[in-house]
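All the letters of the sequence shown, read from the start, carry residue numbers 7 to 252 under my numbering. For glycine and all other residues, C-beta sits at the position ideal for the given N, C-alpha and C.
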Amino acid sequence: MFENDTNFLDQHFLVDENIIKTFIDSCEITKDDIVLEVGPGKGVLTKYLKEQANKLLVIEKDVRLIPFLKDYDVTYRDVLHCDIPDVNKIVTSLPYSITEPFLYKLLDVKFDKLIMMCGKNFVDNLESNNTKLSIMCNLYFNYTKICDVKPDSFNPKPKVMSSLITMTKKDEGELSKKDKIVRLLYKYRYMKVKNALKEILIKLDNLTQRQAKDIIKNYNINEDISNKLFDELSNVEVVELYKLIN
7 MFENDTNFLD
17 QHFLVDENII
27 KTFIDSCEIT
37 KDDIVLEVGP
47 GKGVLTKYLK
57 EQANKLLVIE
67 KDVRLIPFLK
77 DYDVTYRDVL
87 HCDIPDVNKI
97 VTSLPYSITE
107 PFLYKLLDVK
117 FDKLIMMCGK
127 NFVDNLESNN
137 TKLSIMCNLY
147 FNYTKICDVK
157 PDSFNPKPKV
167 MSSLITMTKK
177 DEGELSKKDK
187 IVRLLYKYRY
197 MKVKNALKEI
207 LIKLDNLTQR
217 QAKDIIKNYN
227 INEDISNKLF
237 DELSNVEVVE
247 LYKLIN
């Protein structure tokens, strides 16, 4: 059913029983938890999550998986284009190509813990903090790498190494003032950088527009960066902006 056309949805199903057990154990599901599983595949985790949780919700894009998931409460939608309910825990093994938009979507979702299979390269970038995505993640989340996962733990095998991680929302009190400013830029990402910074400074410190403009001037931000939407900035530009503000 999937052998010849799986990759058009970038799907790789977890088959290694040891990794499956590690994944389940990392979730630390209790009978008090309301759990959302995103991208359950053939349901190798789903059956355990349903047994252990108070309530399990599932979002899956691929309707070809209906025969494997008929015993569960499944919403067949693209998670990037539907509302994510507030839950205690989110469990996912999404296609790695949509890791970034999925994490952006989670900025406005309430949850206690995310347990996610992702590309090892993504985790390595988190540790180096040198991309737009890694800076955002380090400002919004605390993360722990559980283990690296080899390609032969999946069928079909992906071309890259994977990692299993957990993430929790970072409390604003854990951040410096300047980190709070950069963090809010991701919320204002569809505004020009100079306008977003002005709004953020006025909001954070109850400043006048003139006071906010004076602070922004002291950042010495390149005009090309200042006049772009934050969402349009490259990795290099975001790293430069982050350094200037800090």
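Do residue i and residue j have their CB atoms nearer than 9 Å?
i           : j           : result
residue 170 : residue 152 : yes
residue 250 : residue 225 : yes
residue 252 : residue 182 : yes
residue 44  : residue 20  : no
residue 235 : residue 188 : no
residue 139 : residue 106 : yes
residue 95  : residue 78  : no
residue 113 : residue 193 : yes
residue 18  : residue 163 : yes
residue 125 : residue 166 : yes
residue 54  : residue 30  : yes
residue 221 : residue 232 : no
Closer than 7 Å by C-beta to residue i: which residues in its own chain qualify, once you throw out the five before and the five after it? Chain order, please.
i           : result
residue 46  : 52, 64, 66, 75
residue 6   : Look at the range of the chain in this structure, 7 to 252, and you will see that residue 6 is not part of it.
residue 219 : 204
What residues are listed by DSSP as bridge partners for residue i?
i           : result
residue 154 : 169
residue 124 : 169
residue 148 : 174
residue 20  : 160
residue 65  : 44, 81
residue 119 : 95
residue 235 : 198
Can you tell me whether residue i is buried or exposed, with buried defined as 16 or more other CB within 10 angstroms of its CB?
i           : result
residue 242 : exposed
residue 98  : buried
residue 35  : buried
residue 5   : Because the chain in this structure spans residues 7 to 252, residue 5 falls outside the shown range and cannot be described.
residue 69  : exposed
residue 210 : exposed
residue 39  : buried
residue 33  : buried
residue 143 : buried
residue 248 : buried
residue 196 : exposed
Looking only at its chain, what residues have a beta carbon closer than 6 Å to the beta carbon of residue i, apart from the 5 residues adjacent to it on each side?
i           : result
residue 148 : 174, 176
residue 16  : 101, 103
residue 120 : 96, 173
residue 117 : 93, 96
residue 42  : 63, 93, 96
Taking 9 Å as the threshold (beta carbon to beta carbon), is residue i in contact with chain B?
i           : result
residue 199 : In the structure shown, chain B does not exist; there is a single protein chain.
Can you list, in chain order, the residues of its chain whose CB lies under 8 Å from that of residue i, leaving out five sequence neighbours each side?
i           : result
residue 161 : 18, 19, 21
residue 1   : The chain is shown only over 7 to 252; residue 1 falls outside these bounds and no answer can be derived.
Curious, which full-length beta strand (DSSP E) runs of at least 3 residues does the segment 163-229 contain? Whole beta strand (DSSP E) segments, 3+ residues: 168-175.
Threshold first: 4 residues or longer. Then list the alpha helix (DSSP H) segments lying entirely within the segment 20-61, N to C. For the segment 20-61, whole alpha helix (DSSP H) runs of length 4 or above, ordered along the chain, are 23-33, 52-58.
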